[in-house]
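Remarks on the structure that follows.
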Amino acid sequence: MIHWIGIALFAAAAASAVRWWITRYDSLGRARSFPWFTIGFFVVLGIAAVTPWFLRIHLEHRLSDAASEVVGARVDVHCQAFGGAFFDVGAELGYVAFGPDGVPERSTLIKRNQCRDLSAYLRSTKEAPSEAHIIAVHVLSHEAMHMSGLTDEGETECLAVQRDYEMTRLLGAPEASARYLAVSYWQSIYPRMSSEYRSEECGAGGALDKGTPEAPWAITGTSFQ
Ligand SMILES: [Zn+2]
Numbered sequence: 061m062i063h064w065i066g067i068a069l070f071a072a073a074a075a076s077a078v079r080w081w082i083t084r085y086d087s088l089g090r091a092r093s094f095p096w097f098t099i100g101f102f103v104v105l106g107i108a109a110v111t112p113w114f115l116r117i118h119l120e121h122r123l124s125d126a127a128s129e130v131v132g133a134r135v136d137v138h139c140q141a142f143g144g145a146f147f148d149v150g151a152e153l154g155y156v157a158f159g160p161d162g163v164p165e166r167s168t169l170i171k172r173n174q175c176r177d178l179s180a181y182l183r184s185t186k187e188a189p190s191e192a193h194i195i196a197v198h199v200l201s202h203e204a205m206h207m208s209g210l211t212d213e214g215e216t217e218c219l220a221v222q223r224d225y226e227m228t229r230l231l232g233a234p235e236a237s238a239r240y241l242a243v244s245y246w247q248s249i250y251p252r253m254s255s256e257y258r259s260e261e262c263g264a265g266g267a268l269d270k271g272t273p274e275a276p277w278a279i280t281g282t283s284f285q
């Protein structure tokens, strides 16, 4: 909504300029000075209002491009805006709506904090991701798996851990950093997830093991856990 305030401020700047143009000479034919201060004030406030919106659109494009590569089809990633975060009481960090036929939509909403963490991660060197960065990247992988058609949380989560390396690479991390992020999630965070998100079949040789060399257990060479 804030971008509408920005647009209104730009419109006010334009209206001030038009009003000056119409009345640029007074009744005695003297030129009125251009209202630099008023117009500058509106323009500066307008830029301040639209900048967060512009940055969010830019971030959403980057995340959508990476998620689309992982899914293999065009998907949309949206970041929760300030208004949405204010009224949000849900515990999940991302969300994909399921259609009336039970098929997940190809659009996801990532929570405001995780989008902020993804933005910080993208701007970082990516060499030492914090736990918040690791979780935020994984949330994107997880929602990408939902958008690929999966609905079961245990299956979605297990396939997501096997795509974290790829997602991290797509976000611009070097190989070693992507391996570190994928393995960190698997070893430190996956075991802390609630039982709904974990599966006995998730690990080397399990039914949910896709056998890719990018699975965290393949990267570390660990056996089934
Ligand atoms: Zn989920």
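Residue numbers (this note's numbering): 61 to 285.
We put the beta carbon where it would ideally sit given N, CA and C, even for glycine.
Keep in mind the model is a prediction, meaning the values are calculated, not measured.
Apart from the 5 residues on each side of it in sequence, L105 sits with its Cβ closer than 7 Å to the Cβ of L69 in its chain, given in chain order. Under the three-state reduction of DSSP, P164 is assigned to strand. Residue burial annotation: L88 is exposed, with fewer than 16 other C-beta atoms found within 10 angstroms of its C-beta.
The continuous stretches of beta strand (DSSP E) do not include F94, and DSSP gives it neither H nor E. For C139, the enclosing beta strand (DSSP E) stretches over residues D136 to C139.
Beyond the five residues adjoining it in sequence on each side, H198 comes within less than 6 Å, by CB distance, of D224 and Y245 in the same chain, given in chain order. Counting only runs of 4+ residues, the alpha helix (DSSP H) found wholly inside the region 193-234 occupies 213-221 and 224-230, in chain order. About 16 Å separates the beta carbons of E165 and C139, which is beyond the 8 Å limit, so they are not a contact pair.
The C-alpha of M227 lies about 20 Å from the C-alpha of M253.
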